[in-house]
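Chemist: If you're matching positions, the sequence shown starts at 1 in this note's numbering and goes up one per residue. Positions of the beta carbon are idealized from the N, C-alpha and C atoms, including for glycine. Dropping the structure in here first, questions after.
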Amino acid sequence: MADIFETVDAYIDHLFVDEDEALKAAAASTTNTDIPDIRISGAQGKFLYLLAKLAGARRILEIGTLAGYSTIWLARALPEDGQMVTLEFEPAHADAARRNIERAGLAGCTRIITGDAHASLERMRSGGEAPFDLIFLDAEKPGYPAYLKEMLALSRPGTLLAVDNVVRKGEVLDPQDEYGEGAARFNSLLAAEPSVEAVILQQVGVKGHDGLALARVK
Ligand code: DHB
Ligand code: MG
1 MADIFETVDA YIDHLFVDED EALKAAAAST TNTDIPDIRI SGAQGKFLYL
51 LAKLAGARRI LEIGTLAGYS TIWLARALPE DGQMVTLEFE PAHADAARRN
101 IERAGLAGCT RIITGDAHAS LERMRSGGEA PFDLIFLDAE KPGYPAYLKE
151 MLALSRPGTL LAVDNVVRKG EVLDPQDEYG EGAARFNSLL AAEPSVEAVI
201 LQQVGVKGHD GLALARVK
């Protein structure tokens, strides 16, 4: 039986999350594949979409595309001439994302860069990529500490950073593996980072107990 948090998530979805065919197809695209079923929830997608709109984001960077479900939510918050860049390590995930993003009619504004995201971020920085207005980090957790500086290098004052999975069922209090360790170290670095103001939003729902870090670059 679904627990109360899942039931309330379904209630919130029913009221506020209107997934169209493209989002439903993106959500379903990982079923019976090797792509892990770890995408953000519908309510989290709507939340990121609202954050991007509130931030007036014209350029959004995502680190960790998976099959593009969150990419679609974020790209839909962009204005007509907005730009979405999303980084994915696994070619099979990037291929699925490309299909899902095309189906959503967002191929024109979305650049998918396949490969090691740390290397892609360094290439973007050294290549003079313009700063992003919003950066969503949802990639492999051991890499989180290194991603902080890499995200800041592609930010400007006012950039909003949103970072998934920084609570991990409370494991960050006493990390048991490199995933918990990565998230916990990221949180400590973020808290000590003088160039941001930040907080963690604790979350429950269909994805269990976790948290989203939010930071604004000073
Ligand atoms: C995992 C990764 C995620 O991005 C997520 O949202 C949930 C779980 C994981 O790798 O365990
Ligand atoms: Mg995640």
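#1: Taking 6 Å as the limit between beta carbons, can you name the residues of its chain near Arg156, skipping five residues before and five after?
#2: So, helix, strand or coil for Glu88, using DSSP?
#3: Indicate whether Gly64 and Ala183 have their beta-carbon atoms separated by less than 8 Å.
#4: Helix or strand or just coil, what does DSSP make of Thr110?
#5: I need the DSSP call for Ile60, collapsed to helix, strand or coil.
#6: Is the beta carbon of Gly42 less than 8 Å from the beta carbon of Val8?
#7: Using a 10 Å radius around the Cβ and a threshold of 16 neighbouring Cβ atoms, would you call Lys24 buried or exposed?
#8: By a C-beta neighbour count over all protein chains shown, 10 Å radius and 16 as the cutoff for buried, is Ser120 buried or exposed?
#9: Measuring straight from C-alpha to C-alpha, what distance separates Arg99 and Gly82?
#10: How many Å lie between Gly180 and Lys141 at the Cα?
#11: Within its chain, find whatever has a CB closer than 7 Å to the CB of Ile12; leave out the 5 residues flanking it on each side and keep chain order.
#12: With a cut-off of 5 Å, give the chain-ordered residues whose Cβ is closer than this to any heavy atom of the ligand MG.
#13: Confirm, please, whether the CB-CB distance from Ala57 to Arg39 is below 8 Å.
#14: Quick check on DSSP: helix, strand or coil for Leu74?
#15: Have a look at Leu161 and Thr33 and give me their C-alpha separation to the nearest angstrom.
#16: Return the Cβ separation of Ala104 and Ile72 in integer angstroms, given the expectation that the two are a contact with Cβ distance under 8 Å.
#17: Just to confirm the assignment, what range does the alpha helix (DSSP H) spanning Arg123 have?
#18: May I ask you to report which of helix, strand or coil DSSP gives Arg156?
#19: Need the endpoints of the beta strand (DSSP E) that Val199 sits in, please.
Modeler: The short version:
#1: Pro131
#2: strand
#3: no
#4: strand
#5: strand
#6: no
#7: exposed
#8: buried
#9: 20 Å
#10: 7 Å
#11: Ala43
#12: Asp138, Asp164, Asn165
#13: no
#14: helix
#15: 30 Å
#16: 5 Å
#17: 117 to 126
#18: coil
#19: 196 to 203
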